[in-house]
Amino acid sequence: MEIQFQQHDFSQAVSSDVYQLYLVCREYIESFPKKVFSMIPRETDISVPYINKRVLDLGTGNGILLLMLAKEFQEIEYTGVELLPELTEIARMNLEKLSVFFTSNERLPLTAINDNSLNSRYAGCVPNSLNFNIINADYCNLFSVLDNSQKFDMIMCNPPYFQIGQGKISPIYEKAVARFELKATLKGLLITIRNYLAEDGKAFVIFPISREKELEREVLKNKLQVTSPPLSSPTHTSYEGQIESSPLLDSSLQKIKIFEISHAKN
């Protein structure tokens, strides 16, 4: 039977699980090696964080994760992939507003450069606008719009948690595809991670603990691994929470945590 969906506005709030994913991703970005510029003569090289690093957000929604990260790390190249055209446009508008905010200032605020005279001296060493690319596509078929020769240092995803039959599907289309595997699937997600994750990169995925064994099996099939990183944050993959606003789901299905995934080492 075909499912009929109602229209719905696309305003979204930041849920606690998405905020925890942001904290994990922020800490991982902070661990990136810093780029040292040496093309301009000076007594001491200045390290500018995270130049030439790339982040991919699968199922970006209204772009909230990219917005939060870009406020702190403007030097990174961000790509978001969103299935729904309406949300894609909202994400583009949101990120464009953020970019205008930063480029309207004389210089971007750099973590490693605090001296105003150095800000002007090294203008041009870093981008003077935010680098965003929001793609309207199914991330399980991303190869159709994005060459898989492109690799990303970090991939993040808050995918649909549930298979069809594990709960009542919302009549609101955007909620239905965000919560249930009507379009994106775990198998498709991990294939995309395998194809687009840089060799030494990390992927962070929020997923139900009840499907952890299934996730581990699919991870192995794709020559990936679930890793336990040496990062200090207590919110890292040890984070466990409850899915919000899910009265129609069995309590055993509502427990979630953040999984870190990387390429398997030979």
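Quick note: the sequence shown uses the working numbering, first residue 515, plus one each step.
For each residue, glycine too, the CB sits at the ideal point set by N, CA and C.
Asked: Closest by C-alpha distance to residue 715, when choosing among 654, 729, 669 and 683; Found: 669
Asked: Completely contained alpha helix (DSSP H) runs for the region 637-703, where each covers 4 or more residues; Found: 687-693
Asked: Cβ separation of residue 671 and residue 699, assumed to be a contact under 8 Å, to the nearest whole Å; Found: Wrong, their Cβ atoms sit about 12 Å apart, outside the cutoff.
Asked: Per-residue DSSP class, three states only, for residue 534; Found: helix
Asked: Residue 773 versus residue 611 - alpha carbon distance; Found: 31 Å
Asked: At least 3 beta-carbon pairs within less than 8 Å: the region 589-606 vs the region 645-665; Found: yes
Asked: Three-state secondary structure assigned by DSSP to residue 722; Found: strand
Asked: 8 Å CB neighbourhood of residue 737 in its chain, flanking five on each side removed; Found: 708, 777 and 778
Asked: Three-state secondary structure assigned by DSSP to residue 712; Found: strand
Asked: DSSP beta-bridge partners of residue 774; Found: 718
Asked: Selection from 588, 691, 713 and 695 that minimises the alpha carbon distance to residue 662; Found: 713
Asked: Chain-order list of residues whose beta-carbon lies under 6 Å from that of residue 719 (same chain, five-residue window excluded); Found: 671 and 773
Asked: Residue environment, residue 678, which counts as buried when at least 16 other CB atoms sit within 10 Å; Found: exposed
Asked: Own chain residues within Cβ distance below 6 Å of residue 569, not counting five before or after; Found: 590, 592 and 668
Asked: N- and C-terminal bounds of the beta strand (DSSP E) containing residue 738; Found: 738-740
Asked: Cβ-based burial, residue 734 [other Cβ within 10 Å; buried from 16]; Found: exposed
Asked: Residue 589 - DSSP class collapsed to helix/strand/coil; Found: coil
Asked: Outcome for residue 731 when other beta-carbon atoms lying within 10 angstroms are tallied against a minimum of 16; Found: exposed
Asked: Neighbourhood of residue 739 by C-beta distance below 8 Å, restricted to the same chain and skipping five residues each side; Found: 733, 775, 776, 777, 778 and 779
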